[in-house]
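S.K.: One line per chain: the protein sequences are A, B and C, in this order. Quick note: the first sequence uses our numbering, first residue 1, plus one each step. Quick note: the second sequence uses our numbering, first residue 612, plus one each step. Quick note: the third sequence uses our numbering, first residue 736, plus one each step.
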Amino acid sequence: MFRKELAEVLKQTGWFLAVAAVLPILLIWLKLMPGPYRAVFIPVLEAGLVCWSLFLGASLLGRERSQKAMEYALTLPHARLGLLVRLAGARFLVLVVLWLSAIAVIGIGAFREPRLLLPALAVGIGLPLFFISLSLSVFVENFIVLCLFSIAGFYAISAAVFRLLWGPGYGVVDFYLPGLFASPLPDVGAFRADITPPLVLLQIILPVVPFIAALLLSFGQFDVRRSRRFQRRYGAAFAVGLVLCVLASFGGRAVSSSLAQKYFYLTRNLKIVEWSFMAKSMRIRDPETVRKIRIAPPILPAWDDGSFLFGRDNNEGLMRVDLSSGTADLLYRFDFRQPSSLMQWTYGSTVVFIEKKAGLNEIQLVTLDQKTKKAARYVFAHEVFRAGDPTVIGTDVQNGKRFWLCLIMERGERSTLRLWESGRVEEILVKGRLRTVNTPRFINGFLFFMGKEPIIVLQDNGRSFELKKEFPAGGIFDAQESAFVFRRALDDPSPAFIHSFIHGIRGTKLARMNLAMLEIEEIDDMPETTDWGAIQRLGNKTYFIGGSRSRNTLDVYDLNDGKVRLIRSFPDINLNRRDTRFRVFDSGIVITQGKRVGVYAFPDLKEIHYE
Amino acid sequence: MIRLNIDSASPVPTYQQVIQGLKIEIISERLKGGDRLPPIRELAKILKLNPNTVAKAYYTLEEEGFVESRPGSGNWVKSRPPDLDSLRLSLLEGETKSYLEKAFSLGASLDEVRRSIERISRHE
Amino acid sequence: MNNPVLKAERLTVRYGQRTALAGISTEFAAGEAVVIAGANGAGKSTFLRCLAGAIVPDDGRVASGPGLDKSKIGFVSDRLSLYENWTLREAWRFHKKEFGIAAAERPPIEGFTLDEGRTIRHLSVGERTLFHLSLILAQRPAVLLIDEVVHGLDPFLREKFLETVIGAMDDLKTAVIMVNHTLSDTAEIPERVLIMDGGRILLDERRGDLTAKVKKVAGDGALPADLPLLFETASEYRRERYIYPFREEWRRCGGLSFMDIGLDEIVKAFIGGAYVQKRAR
């Protein structure tokens, strides 16, 4: 019976493929979609495969019903379950082969476009729909009703599982990086390699469980009439399956929450904000008080000013949280669902950031007053915005008019523009070129272009940026300070904040560029004991943070007095382990090793204890 | 060819009717000694009977000595069957009995019956 | 009964609110020929379907004799269910494979051949019935369940059908359970009669006993009150009275005479009696 069923299903699938092959031609000819053929064929195939999955499941007993062979099939010498396995198995086999072939052909072979969409569709939608319609088909005879019920059932239960499994806090995730990138990179929503795939698996499998349970446990009672007993069995098994599904969702959430790594954010005044993946709230701990403060719902911390913590919430808004009470309020709702970056600059009580819609040549620069929550929006247009990622790197006032310097990063190149408050866009050319390989930084009114190519320094003369100094090629100075210094107050009244030096490495020596004279001098030897590391400017101090892979240490050096001086060396830090990470903040370093967390405050990196 | 009628309404068991019918065939020499009886299956098909019924009839006939069963080749009428005459007589008496019952239920007298028999047989 | 080939234990089947089978229990011996008669809607077909496995009873079960699996039960249903789009050849190949039939050809039906290339959908009812029968018989079943298919056949095919069944009975010693409410066709084949009504078995007797125990009263003379009257109809020109169970000594009762009646009329009397009882309730 299996073979016969297989033959029939293959025949039908042949028809489906023929239609899928011809339909794009029709769509192109009727000008409903633009060519070429393959650009239309792929989406047609994707949509068609999802529909076909639904159809294959729904047609489980289709032949028996349409050819009046139900009674015959039920009196064949097979147990009911054996019959089910043969009928369903043939369909499942064809489905799997079809999906795999499509993925192979479109993903690798003929069209050479790796499409993750197809495997995702197959596993996330195609297979579940197949099993759901398979199960409902013993119950519902009308094909259209069956399809609608299947889609509705799939959607409803998947949505419920999603809510239970991922909860409201799912947006707060961390990007796992080995300790090399120790600079305070902002959190970016991304996969957690250890937790997310099992959760995704549960999300796909759980909604199907009640349907499969109902089918398997009740099919033994299936017969030619609409039997009450069969219906009751199906309903009961479905209910049980649903309960299991809900419990497993809770369970999955609980397990992943407990397994989930904790994340920390250290404020300027050494308060530690702590949360974990998918948590419903965050905790603030203070070294001085025992009182714990909760923030709910959680936000993605971006920066703080000692009294307030700023960050993004799940609904694409900029939130401000009072660190002493935990109350949050909304500062600003992003106009575009995906603002260009999470990087914000502050000056005074103003925050500036850029919002951008993909593909447009326009950006919206927003200045937001943290106290009054008033926002001003400025729209600028330039071709480079279309394909690049713009971010603000500096601001100043020139003749009473404010400007912002905007860096646009494209694949390998950077472009720099000056955006005036009046709306004017000024291109900043480096040796006649807008696009450079080096990355610009705005310090003390100078624009430094540092990177692979020789260093170029431009000075603002009020009307434009002109070349001030050029350091010849030859890798004489490898500027090591973090490429983006963000969340940095530019007009902090403290004079020590005005940068005097930029530190870098020249060969094996620590070097620095004097910002008054624009001269480079070597200062000291870089530590030999480290084989990875970076120079970090934190506040008005500069440090070198690095370590040794062979000795498993994390070493922090003070570079401030013109000398390389070891502050502290942390032993037993094996950064190859997934559970060991560290993060550097302005006020200190947080090191996590498994369950153990240590907070060490600058300048001496003494451990801070919390109640 | 064998002429047998089965009366499904009759209280006489079917196998008895088959036996009776076959005996009549033998007496009337439509089935002669040495003739082969139709196979059980065939007679059952012709008469639309359960083969068991035919089998039982053949078995009884064999017991009563009218028929002998040769394994592999079926059932054969015995060449020297038992007393056919007395059988003929008993069958005749059975027919007479039912004839007289019917005749008397019409209200005829024995004399009228006798005369009607003679009249009719003269014409035959 | 020792080693029944099929046994029904408290079979109960409901269609929504209506009870089609109300806890039927009975047994069938190997090689037995049974006819199940009864009013329309008595549950006869439902019963047969339970025995065949097409219906799973709501209560009770069907037990089969030792060594008897589903492949040894042949079911010719009145729906003549088969995959209609197939040709006879395909259907035969499929059936052969599913039931593990060793023979290369189906047992032939004398005087009746079909073109193997024809589609089942295009067969006439009679042709389909006989084709179905030939498929079933190829299984060499130990039990043959035949629903009310005979009355739908023309006289020629009817004879072919019955003769084929008889041949199978002789050949395979198969038990035959037939559902029929017009018994004249099959009257002599079954040894045992089951009469069903309202999902219950009203009567389960040997055919010979039944013809002996049910008599029709001839004439319209008065009946003694103690005579068990099964059923009576009366109109201006007709009066029919049936006695069950009849005792031979009553024949000599003064003034009354009793007629022997065939199985059809017997079943009619029972069904009629059951109707009367239902109305009385």
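Even for Gly, the Cβ is constructed at its ideal location relative to N, Cα and C.
(1) Under 9 Å between C-beta atoms, does PRO622 (chain B) make it to chain C?
(2) Between the region 639-669 of chain B and chain C, which residues of the former have CB atoms less than 8 Å from a CB of the latter, in chain order?
(3) Report the rounded CA-to-CA distance for ALA216 (chain A) versus LEU60 (chain A), giving the unit in angstroms.
(4) Anything in the region 798-815 of chain C with a Cβ closer than 7 Å to a Cβ of chain A? List those residues in chain order, please.
(5) Within 8 Å, do at least three Cβ pairs link the region 803-820 of chain C to the region 66-82 of chain A?
(6) Beta-carbon separation of LEU129 (chain A) and VAL161 (chain A) under 9 Å?
(7) With 9 Å as the threshold, decide whether the Cβ of PHE16 (chain A) is near any Cβ in chain C.
(8) How would you write the range of the alpha helix (DSSP H) that MET904 (chain C) sits in, first residue to last?
(9) Helix, strand or coil: how does DSSP classify GLU362 (chain A) here?
(10) Please list, in chain order, all residues of the same chain as PHE677 (chain B) whose beta carbon is under 8 Å from its beta carbon, the five residues on each side excluded.
(11) Can you find at least 3 beta carbon pairs, one from the region 988-1003 of chain C and one from the region 945-959 of chain C, that sit closer than 8 Å?
(12) Using the Cα positions of THR707 (chain B) and ILE871 (chain C), report the straight-line distance between them to the nearest angstrom.
(13) Nearest CA to the CA of GLY933 (chain C): which residue from C:SER780, C:ALA957, C:ASN737?
(14) Within 10 angstroms of the Cβ of ALA382 (chain A), are there 16 or more other Cβ atoms? Answer buried if so, exposed if not.
(15) With distances taken from CA atoms, which of C:GLY1008, C:VAL900, C:GLY773, C:PRO890 is nearest VAL911 (chain C)?
(16) Span of the alpha helix (DSSP H) holding ASP696 (chain B)?
(17) Note down the Cα distance separating LEU199 (chain A) from LEU165 (chain A), rounded to an integer number of angstroms.
(18) Tell me, please, whether the region 452-469 of chain A touches the region 434-441 of chain A by the rule of three or more beta-carbon pairs shorter than 8 Å.
(19) So that I know if they touch, is there some Cβ in chain A lying closer than 9 Å to that of ILE790 (chain C)?
(20) To the nearest angstrom, how far is the alpha carbon of LEU937 (chain C) from that of LEU929 (chain C)?
(21) In the DSSP assignment, find the unbroken alpha helix (DSSP H) run with TRP420 (chain A) in it and report its ends.
(22) Does the pairing of the region 959-973 of chain C with the region 642-660 of chain B give three or more beta-carbon distances under 8 Å?
(23) For ILE144 (chain A), is the classification buried or exposed, using 16 other Cβ atoms within 10 angstroms of its Cβ as the cut-off for buried?
(24) Going along chain B in order, which residues have a C-beta closer than 7 Å to the C-beta of ASP955 (chain C)?
(25) Near GLN203 (chain A), which residues of its chain fall below 7 Å by C-beta distance, leaving aside the five closest residues on each side in sequence?
(26) Among residues of its own chain, excluding the 5 on either side of ALA655 (chain B), which ones have a beta-carbon nearer than 8 Å to its beta-carbon?
(27) Mapping DSSP to helix, strand and coil, what is TRP985 (chain C)?
(28) Answer yes if the region 508-527 of chain A comes into contact with the region 552-565 of chain A, meaning at least three C-beta pairs across the two stretches below 8 Å, and no otherwise.
(29) At least one CB of chain C closer than 9 Å to the CB of SER701 (chain B): is that the case?
(30) If you measure between the beta carbons of THR671 (chain B) and ILE731 (chain B), is that distance less than 9 Å?
(31) Give me the Cβ distance between ARG941 (chain C) and ASP920 (chain C), rounded to the nearest whole Å; I'm assuming they're in contact under 8 Å.
(32) Rounded to whole angstroms, how far is the Cβ of VAL366 (chain A) from the Cβ of PHE380 (chain A), which I believe are closer than 8 Å?
(33) Buried or exposed: LEU721 (chain B), going by 16 or more other Cβ atoms within 10 Å of its Cβ?
(34) Under 9 Å between C-beta atoms, does ILE617 (chain B) make it to chain C?
(35) Buried or exposed for VAL584 (chain A), going by 16 or more other Cβ atoms inside 10 Å?
(36) Less than 8 Å between C-beta atoms, sequence neighbours within five positions excluded: which residues of the same chain meet that for ALA58 (chain A)?
M.R.: Reading off the structure:
(1) Locating residue 622 (chain B) in the second sequence gives position 11, where the first residue counts as 1. It does; some Cβ of chain C falls within 9 Å.
(2) ILE651, ARG652, ALA655, LYS656, LEU658, LYS659, LEU660, ASN661, PRO662, ASN663, THR664
(3) Numbered from 1 along the first sequence, position 216 holds the residue referred to as residue 216 (chain A). Numbered from 1 along the first sequence, position 60 holds the residue referred to as residue 60 (chain A). The sequence shown places Leu at residue 216 (chain A), not Ala. Roughly 14 Å separates the two Cα atoms.
(4) ASP804, LYS805, SER806, PHE810, SER812, ARG814
(5) yes
(6) As a first step, residue 129 (chain A) is located in the first sequence; it is residue number 129 there, counting from the start. As a first step, residue 161 (chain A) is located in the first sequence; it is residue number 161 there, counting from the start. Against a cut-off of 9 Å, the Cβ pair of VAL161 (chain A) and LEU129 (chain A) comes out as no contact.
(7) Reading the first sequence from its first residue, position 16 is the one you call residue 16 (chain A). Output row for PHE16 (chain A): interface = no.
(8) Taking the first residue of the third sequence as 1, we reach residue 904 (chain C) at position 169. That run of the alpha helix (DSSP H) goes 890-907.
(9) Numbered from its first residue, the first sequence carries residue 362 (chain A) at position 362. The answer is strand: DSSP assigns GLU362 (chain A) an E or B state.
(10) Sequence index remark: in the second sequence, residue 677 (chain B) carries index 66 (1-based). Taken in chain order, the residues that qualify are LEU633, LYS634, ILE637, VAL688, LYS689, PRO692, PRO693.
(11) yes
(12) Walking along the second sequence from the start, residue 707 (chain B) turns up at place 96. Walking along the third sequence from the start, residue 871 (chain C) turns up at place 136. Each residue's alpha carbon lies about 49 Å from the other.
(13) Here residue 933 (chain C) refers to the residue found at position 198 when the third sequence is read from its first residue. Looking at the Cα atoms, C:SER780 is the closest of the given residues.
(14) The sequence position of residue 382 (chain A) within the first sequence is 382, counting from 1. At residue 382 (chain A) the sequence reads His, which differs from the Ala that was named. Per the 10 Å Cβ criterion, buried.
(15) Walking along the third sequence from the start, residue 911 (chain C) turns up at place 176. The option with the nearest alpha carbon to VAL911 (chain C) is C:VAL900.
(16) Position 85 of the second sequence, counted from the start, is the residue given in the question as residue 696 (chain B). Element bounds for ASP696 (chain B): 695-716.
(17) The sequence position of residue 199 (chain A) within the first sequence is 199, counting from 1. The sequence position of residue 165 (chain A) within the first sequence is 165, counting from 1. Taking the straight line joining both Cα atoms gives about 8 Å.
(18) yes
(19) Translated into the one-based positions of the third sequence, residue 790 (chain C) becomes position 55. True, the Cβ-Cβ gap to chain A drops below 9 Å.
(20) In the third sequence, counting from the first residue as 1, residue 937 (chain C) sits at position 202. In the third sequence, counting from the first residue as 1, residue 929 (chain C) sits at position 194. Answer to the nearest angstrom: the Cα atoms are 7 Å apart.
(21) As a first step, residue 420 (chain A) must be located in the first sequence, where it is residue number 420. Unbroken run through TRP420 (chain A) is the beta strand (DSSP E), 414-420; no alpha helix (DSSP H).
(22) no
(23) Counting from 1 along the first sequence, the entry for residue 144 (chain A) is found at position 144. Under this definition ILE144 (chain A) is an exposed residue.
(24) Here residue 955 (chain C) corresponds to residue number 220 of the third sequence, with the count starting at 1. None at all; the shortest Cβ gap to chain B is about 17 Å.
(25) Here residue 203 (chain A) refers to the residue found at position 203 of the first sequence. Taken in chain order, the residues that qualify are VAL161, PHE162, LEU165.
(26) By 1-based counting over the second sequence, the position of residue 655 (chain B) is 44. Closer than 8 Å at the Cβ level, and outside the excluded window around ALA655 (chain B), lie ASN661, PRO662, THR664, VAL665.
(27) Mapped onto the third sequence, residue 985 (chain C) falls at position 250. Helix.
(28) yes
(29) Translated into positions along the second sequence, residue 701 (chain B) becomes position 90. Output row for SER701 (chain B): interface = no.
(30) As a first step, residue 671 (chain B) must be located in the second sequence, where it is residue number 60. As a first step, residue 731 (chain B) must be located in the second sequence, where it is residue number 120. Going by C-beta atoms, THR671 (chain B) is not nearer than 9 Å to ILE731 (chain B).
(31) Taking the first residue of the third sequence as 1, we reach residue 941 (chain C) at position 206. Taking the first residue of the third sequence as 1, we reach residue 920 (chain C) at position 185. The pair is not a contact, with the Cβ atoms about 20 Å apart (cut-off 8 Å).
(32) Here residue 366 (chain A) refers to the residue found at position 366 of the first sequence. Here residue 380 (chain A) refers to the residue found at position 380 of the first sequence. So it is not a contact: roughly 12 Å between Cβ atoms.
(33) Working through the second sequence from its first residue, we reach residue 721 (chain B) at position 110. Flag for LEU721 (chain B) reads exposed.
(34) Translated into the one-based positions of the second sequence, residue 617 (chain B) becomes position 6. Cβ-Cβ to chain C under 9 Å: yes for ILE617 (chain B).
(35) Locating residue 584 (chain A) in the first sequence gives position 584, where the first residue counts as 1. Classification of VAL584 (chain A): buried, given that the 10 Å Cβ count is 16 or more.
(36) As a working note, residue 58 (chain A) is residue 58 in the first sequence. SER133, LEU134, LEU136, SER137, PHE143, LEU146, CYS147, SER150.
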